[in-house]
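Take a look at the structure set out below.
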Amino acid sequence: MPAALDQDLKLALELADLADRITMARYGADDLQVETKPDRTPVTEADRAVEQALRQHLSRSRPADAVLGEEMGETPGTSASRRWIIDPIDGTKSYLRGMPTWATLVALEVDGEVAVGVASMPALGHRWWAARDSGAFCDGHPIRVSGVSELADAQLCWSGVHEWDEVGRLGTLLALSRACWRTRGVGDAWQYMLVAEGAADVAVDPSVSLWDMAAVKIIVEQAGGAFTDLHGVITASGGSGLATNGLLHQAVLEYIGIPAAAN
Numbered sequence: 021m022p023a024a025l026d027q028d029l030k031l032a033l034e035l036a037d038l039a040d041r042i043t044m045a046r047y048g049a050d051d052l053q054v055e056t057k058p059d060r061t062p063v064t065e066a067d068r069a070v071e072q073a074l075r076q077h078l079s080r081s082r083p084a085d086a087v088l089g090e091e092m093g094e095t096p097g098t099s100a101s102r103r104w105i106i107d108p109i110d111g112t113k114s115y116l117r118g119m120p121t122w123a124t125l126v127a128l129e130v131d132g133e134v135a136v137g138v139a140s141m142p143a144l145g146h147r148w149w150a151a152r153d154s155g156a157f158c159d160g161h162p163i164r165v166s167g168v169s170e171l172a173d174a175q176l177c178w179s180g181v182h183e184w185d186e187v188g189r190l191g192t193l194l195a196l197s198r199a200c201w202r203t204r205g206v207g208d209a210w211q212y213m214l215v216a217e218g219a220a221d222v223a224v225d226p227s228v229s230l231w232d233m234a235a236v237k238i239i240v241e242q243a244g245g246a247f248t249d250l251h252g253v254i255t256a257s258g259g260s261g262l263a264t265n266g267l268l269h270q271a272v273l274e275y276i277g278i279p280a281a282a283n
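Number 52 in the numbering used here belongs to position 32 of the sequence shown; there are no gaps in the numbering.
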């Protein structure tokens with residue numbers, strides 16, 4: 021791993037440590053403050069506290085870098101090539117209800133490509149990370165996607181029914197589900213980590229943001245998998261997400277892919 025990238029990964033892990041301390045201190049608190057954002061999704065005091073703390077840390081450690089966060093938008097940097105992407109709590113609704121499957125996601129984008137990604141799930145006691153050309157890890161151990169090559173043998177993870185219904189894609193999800201061996205509605209970052217470590221073979225989301233996908237994309241890819249949006253484009257910013265072990269990617273797209281718009 022290049023020395024500069026190694027230092028960036030160390031910093032990303034430091035940011036995850038800082039986030040974990042904040043999120044776990046307020047997880048399950050009876051007096052947790054919650055508001056509803058204009059898009060009708062919840063945000064907690066912990067979401068905002070994490071993002072603020074990570075931004076402050078970055079302002080000291082990498083003052084030239086841009087920062088994009090779910091709660092506070094984008095802060096330009098003097099460097100045109102580097103941007104940190106933060107989701108302080110991916111799965112805020114799970115965090116609110118006491119489900120341990122939420123995560124803090126931290127990614128570094130260099131020259132438009134994600135170079136470092138960390139997904140920390142302290143309530144589950146696990147953390148995943150990856151850096152470009154350096155492999156993917158969970159809790160310090162290398163991870164690898166599965167070798168399943170047929171949908172009939174594949175385990176599919178997907179987000180909630182309502183999300184698929186809202187975008188008019190529930191029928192395609194059901195068709196894919198019927199083609200697979202087993203399905204589980206896991207959702208959020210955890211489903212992608214299950215693909216990265218080979219416990220699941222496919223994970224799909226119909227509606228996501230860049231901060232949801234940036235870190236998980238590089239982790240899946242460095243574990244040997246494939247990541248695209250539902251158009252089949254290799255990107256974290258396509259508004260949807262599909263991760264597979266690579267062997268199944270084209271077969272999944274044939275069921276659930278969205279054709280590119282005609283010019």
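Beta carbons are placed, not taken as given, at the ideal position from N, Cα and C, and that holds for glycine. For clarity, every value in this text was computed on a predicted model and none was experimentally measured.
Ala127 and Gly111 - do their beta-carbons sit closer together than 7 Å? The answer is no: Cβ separation not under 7 Å.
Assess, as a yes-or-no matter, whether the region 55-69 is touched by the region 28-36 under the definition of 3 or more beta carbon pairs within less than 8 Å. Taking 8 Å as the limit for Cβ pairs, the verdict is that the region 55-69 does not touch the region 28-36.
Hey, how far is the Cα of Gln53 from the Cα of Arg68? Taking the straight line joining both Cα atoms gives about 11 Å.
Local Cβ density within 10 Å of Arg202, reported as buried at 16 or more and exposed below that: A residue is called buried when at least 16 other Cβ atoms come within 10 angstroms of its Cβ; Arg202 does not meet this threshold and is exposed.
From what residue to what residue does the alpha helix (DSSP H) around Gly191 run? Taken as a continuous stretch (DSSP letters only), the alpha helix (DSSP H) holding Gly191 covers Leu190 to Ala199.
Leaving out five residues on either side along the sequence, give the residues of the same chain with a beta carbon under 8 Å from the beta carbon of Ile109. A distance below 8 Å between beta-carbons, with the five flanking residues on each side excluded, links Ile109 to the following residues of its chain, in chain order: Thr43, Thr64, Ala66, Asp67, Val70, Tyr115, Trp122, Ala123 and Thr124.
Sequence ranges, alpha helix (DSSP H) only - wholly within the region 161-187, length at least 4: 181-186, all fully within the region 161-187.
At a cut of 8 Å, does the region 166-178 reach the region 204-216 through at least three beta carbon pairs? As far as the Cβ criterion goes, the region 166-178 touches the region 204-216, which means the pair count is three or higher.
Just how far apart, CA to CA, sit Ser260 and Glu274? Near 16 Å, if we compare the C-alpha coordinates of Glu274 and Ser260.
So Ser229 is in the beta strand (DSSP E); what residue range does that whole segment cover? Premise fails: Ser229 is in no beta strand (DSSP E) and is neither H nor E.
Relative to the alpha-carbon of Met92, which residue among Arg80, Cys158 and Gln76 has its alpha-carbon at the smallest distance? When each option's Cα is compared against that of Met92, the closest is Gln76.
Counting C-beta neighbours from all protein chains within 10 Å, is the total for His161 16 or more, i.e. buried, or is it exposed? It is exposed - the Cβ of His161 has fewer than 16 other Cβ atoms within 10 Å.
Can you give me the C-alpha to C-alpha distance between Val272 and Val222, rounded to a whole angstrom? So the alpha carbons of these two residues sit roughly 8 Å apart.
Assuming contact is defined by CB atoms lying nearer than 7 Å, are Ala263 and Met233 in contact in what I supplied? No, the pair does not count as a contact, with Cβ atoms beyond the cut-off.
Between Leu29 and the rest of its own chain, which residues show a CB-CB distance below 6 Å, the 5 nearest in sequence each way excluded? Only Val136 and Ala151 meet the Cβ criterion.
Spatially closest choice to Asp225 from Ala172, Phe157, Gln242 and Phe247, by CA coordinates: Considering only Ala172, Phe157, Gln242 and Phe247, the residue with the shortest C-alpha distance to Asp225 is Phe247.
Provide the residue(s) that pair with Asp110 in DSSP beta bridges, ordered along the chain. Paired residue(s): Ala123.
Could you compute how far the alpha carbon of Arg102 sits from the alpha carbon of Glu94? When only Cα atoms are considered, Arg102 and Glu94 end up about 13 Å apart.
Does the Cβ of Gln270 have 16 or more other Cβ atoms within 10 Å, making it buried, or fewer, making it exposed? Answer is exposed; the Cβ neighbour count stays below 16.
Asp50 by DSSP, collapsed to three states: which one? Coil at Asp50, not helix or strand.
Selection from Val240, Ile163 and Val130 that minimises the alpha carbon distance to Gly266: Residue Val240 is the option with its Cα nearest to Gly266.
What's the C-alpha gap between Leu88 and Asp131? Cα-Cα distance, rounded: 15 Å.
By a C-beta neighbour count over all protein chains shown, 10 Å radius and 16 as the cutoff for buried, is Ala90 buried or exposed? According to the sequence displayed, residue 90 carries Glu and not Ala. Buried, since its Cβ has 16 or more Cβ neighbours within 10 Å.
With Met141 as the anchor, note down where its beta strand (DSSP E) starts and where it stops. Residue range Glu133 to Met141 is occupied by the beta strand (DSSP E) that includes Met141.
From Ile238, Val134 and Ala143, residue whose alpha carbon lies closest to that of Ile163: If we check each option's Cα against that of Ile163, Ile238 comes out closest.
Does DSSP put Val215 in a helix, in a strand, or in coil? In this structure, Val215 counts as helix in the three-state DSSP scheme.
Work out the CA separation of Gly207 and Trp184 for me, nearest whole Å. Looking at the two C-alpha atoms, the distance is approximately 12 Å.
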